[in-house]
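One line per chain: the protein sequences are L and Y, in this order. The first sequence begins at 14 in our numbering and counts up one residue at a time. The second sequence begins at 21 in our numbering and counts up one residue at a time.
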Amino acid sequence: MDEIASRVLQNKKVSDSYHVLTLGVRERLTIFPGQFVQILCRTPGETTPFLRRPFSVMDIRGRAMDILYKVIGPGTARMSEWRPGDSVSILGPFGNAFSIDDTAVGPALVVAGGTGLGGVHYLVRALKSRGVSVTFVYGVRFRRETAPAVLKSLGVKTEVVVEERSGVVTNRLKKMALERFRNCFVCGPTGMIRATADLVRGRIPMIEVSLEEMMGCGFGICYTCPVKKRTGQGYYRACDEGPVFREEMISL
Amino acid sequence: MIKLGGLALINPLIVASGTFGLGDKYPERYRHAGAFICKTITPLPRAGNPPPRIVETPSGSVNYVGLENPGVDGFLNLIRRIRIPTVFIVSVYAESTADLARVLSKMETESRISGYELNLSCPNIRQRRVMPSVDPVFVRRMVKTARGLTRKWICAKLPPYTCIDAAQVCEDAGADAVTVSNTYPSIAFTPKGHRMQGGLAGPAVKPMALYYVYQTSLRVRIPIVASGGVTAGRDVEEFLGAGAKAVQVGSIQYVDPGALRRILQEWRALRMRRP
């Protein structure tokens with residue numbers, strides 16, 4: 014849980030709204046698909062924006078780490094100003110990972126929405142390297158938001174669903190023969206996750222979702238990222254017991 | 021070494037309740053603290069409030085956790101398994117003296133607990149006798165009940181604004197110390213526009229916390245434990261200068277899990293430079 018000093022290697026705009034930040038770290042990190050890091054979007058002496066921001070690790074190559082982000086608030090606005098050579102404080106990796114080392118992982122349907130692309134990119138690559146056939150369905154609100162270079166780098170069969178043209182992702186999923194998949198992995202806004210889970214439940218045996226939650230700390234001490242349990246009382250902590258959950262465990 | 025009444029600490033920095041979990045996670049992280057105060061424990065388990073529970077605000081954050089905790093029995097089971105690296109204080113919340121007695125009598129079976137911080141100021145549950153204004157009769161009864169049940173150290177964690185009067189009541193009722201103060205009742209809106217009422221913490225509250233520590237110190241002789249927006253060694257010096265005997269480190273740990281050790285080093289370096 015120690016702070017990792019990193020430097021910006023590249024900070025590139027990949028579509029009208031999305032950026033990819035590439036950070037270089039001193040030591041090789043062991044990070045599993047689904048895990049996230051907490052980025053400090055200010056210098057340590059400042060007090061605002063006060064909290065770190067959680068980001069999925071989009072990819073890791075040796076000592077370089079990619080993060081996909083969209084400028085939506087004061088933290089990400091700061092991030093978009095970072096230039097190569099700037100130092101960045103990160104904590105992590107935190108959270109659990111997608112279950113992909115199970116021998117039963119079969120043909121996989123990966124569904125992402127918006128910046129959820131950052132949450133599944135590394136997963137898709139890992140599935141591919143394990144020889145799992147992957148179908149990727151990606152939803153964005155506007156055509157200008159799609160990041161073609163990022164999608165192409167995945168190297169799998171990808172369907173892009175642009176909401177302003179053809180409606181939400183689940184419209185496309187409804188037309189697919191879902192029964193041929195063994196695993197379904199979902200990452201994106203809560204509404205999209207809920208709609209996807211409702212649609213594929215009972216048709217794909219194993220569904221895992223990765224949640225994007227507000228978090229205070231990211232490592233289980235502040236109790237501010239509750240995720241409602243499906244059965245029984247109480248909450249999981251998204252940062253600690255998640256951010257990846259078996260769909261049947263939680264109530265969205 | 022500092023003394024807070026009968027409690028001796030190796031240094032004046034204390035991990036604030038609710039800002040570093042129950043103590044079962046990362047105990048090596050708080051071994052540098054003079055004392056560790058765990059998240060508040062209640063007689064029965066509490067699920068806590070539904071999301072959202074946190075909103076970032078300028079130089080701080082508003083939280084609405086609502087005392088999520090496993091209850092006294094669950095908590096005692098949990099800490100039985102850990103090695104406690106420093107003075108361990110349990111934060112306790114109860115709605116009546118009978119409930120408080122139930123919690124404390126169970127806690128008394130764990131000899132590694134050095135004392136209690138009575139949470140008389142949580143802004144996120146309906147403890148109406150404390151928020152928004154304090155009921156001195158309730159405060160007196162709670163402290164007296166605790167005093168009658170334990171010989172261990174008792175500190176009352178007070179709300180802002182009313183802490184000055186409440187501290188005197190606590191002193192008269194036999195408290196060993198008071199914590200000034202809990203978070204500041206606040207309203208914040210999430211980025212999606214959801215209205216959330218909770219407690220404000222972080223550097224934003226420090227000037228107000230300094231004011232209440234100073235004003236309270238003029239009224240009571242028992243030690244004051246300061247809490248509010250500490251992020252650096254200089255803040256510790258300021259609170260000690262305002263009349264506190266010990267200083268809590270809180271939400272900065274969300275951002276910097278090694279904050280306590282860093283702040284301690286900064287404060288020691290400051291002291292070295294001064295005659």
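We put the CB at the ideal spot given by N, CA and C, even for glycine. On a predicted model such as this, the values are computed, not experimentally measured, just so you know.
Of the residues Y:Y274, Y:P72 and Y:Y181, the one whose Cα lies closest to the Cα of G80 of chain Y is Y:Y274. Shown here for R76 of chain L: same chain residues with a beta carbon closer than 8 Å to its own, the five before and five after excluded, namely G37, V38, R39, E40, R41 and L42 in chain order. Nearest to E137 of chain Y by C-alpha distance, out of Y:G41, Y:Y232 and Y:C58, is Y:C58.
Of all residues in the stretch 72-99 of chain Y, only P72, R73, I74, E76, P78, S79, G80, S81, N83, V85 and E88 come within less than 7 Å of chain L when Cβ atoms are compared, listed by chain position.
Per the Cβ contact rule, the stretch 203-219 of chain L is not in contact with the stretch 82-89 of chain L (fewer than 3 Cβ pairs under 8 Å). Residues of the stretch 40-58 of chain Y whose Cβ lies closer than 8 Å to any Cβ of chain L, in chain order: F40, G41, K45, Y46 and R49. Put simply, the stretch 233-242 of chain L does not touch the stretch 157-170 of chain L. Fewer than three CB pairs are less than 8 Å apart.
With a threshold of 16 other beta carbon atoms within 10 Å, I207 of chain Y falls short and is exposed. DSSP places F95 of chain Y in the helix class (H, G or I) of the three-state scheme. The alpha carbon of L120 of chain Y has as its nearest neighbour, out of Y:R100, Y:E88, Y:I174 and Y:P156, the alpha carbon of Y:I174. Counting the other CB atoms within 10 Å of its CB gives V92 of chain Y a total of 16 or more, which places it among the buried residues.
At least 8 Å separates the CB of G135 of chain Y from every CB of chain L. For T251 of chain Y, the chain L residues whose C-beta falls within less than 8 Å of its own C-beta are T60, listed in chain order. When C-alpha distances from T165 of chain Y are compared across Y:S131, Y:V189, Y:A118 and Y:S134, the shortest belongs to Y:A118. Taking C-alpha positions only, A190 of chain L is separated from L122 of chain L by approximately 11 Å. V145 of chain L places its beta carbon 8 Å or farther from that of V124 of chain L. The alpha carbon of E176 of chain L has as its nearest neighbour, out of L:T60, L:R195 and L:G152, the alpha carbon of L:G152.
With contacts defined as CB atoms closer than 8 Å, P156 of chain Y and P105 of chain Y fail to qualify as a contacting pair. The C-beta distance from A67 of chain Y to Y135 of chain L rounds to 33 Å, too long to meet the 8 Å contact threshold. Between the C-alpha atoms of D72 of chain L and P72 of chain Y there is a straight-line separation of about 29 Å.
Contacts with chain L (Cβ-Cβ distance below 9 Å) from the stretch 252-281 of chain Y involve A252, S271, I272, Q273, Y274, V275, D276, P277 and G278, listed in chain order. R20 of chain L and E254 of chain L have their C-alpha atoms spaced approximately 29 Å apart.
Burial check for Q48 of chain L: the Cβ neighbour count within 10 Å reaches 16 or more, so the residue is buried. Annotation: Cβ neighbours of Q246 of chain L in chain Y (cutoff 9 Å, chain order): P65 and A67. By the rule that beta-carbons nearer than 8 Å mark a contact, G219 of chain Y does not touch chain L. Within the model, the alpha-carbon separation for P202 of chain L versus T183 of chain L is close to 13 Å. Looking at the backbone, the Cα of T244 of chain L and that of M262 of chain L are separated by about 7 Å.
The C-beta distance from T199 of chain Y to P223 of chain Y rounds to 18 Å, too long to meet the 8 Å contact threshold. Scanning Y:G278, Y:P205 and Y:G26 for the CA closest to the CA of R171 of chain Y turns up Y:G26. With fewer than 16 other beta carbons inside 10 angstroms of its own, T116 of chain L counts as exposed. The beta carbon of M227 of chain L sits closer than 8 Å to some beta carbon of chain Y. The three-state reading of DSSP puts T77 of chain Y in strand, counting E and B together. Using beta-carbon distances, Y82 of chain L does not count as an interface residue toward chain Y, since no partner is under 8 Å. Counted as a single uninterrupted DSSP element, the alpha helix (DSSP H) harbouring W287 of chain Y occupies residues A279 to R293.
Below the 8 Å Cβ cutoff, chain L contributes T60 and F63 as neighbours of P223 of chain Y, in chain order.
If you ignore the 5 residues before and after V163 of chain Y, its C-beta comes within less than 8 Å of the C-beta of L138, I174, A176, V189, C190, A193, G194 and A195, all in its own chain and listed in chain order.
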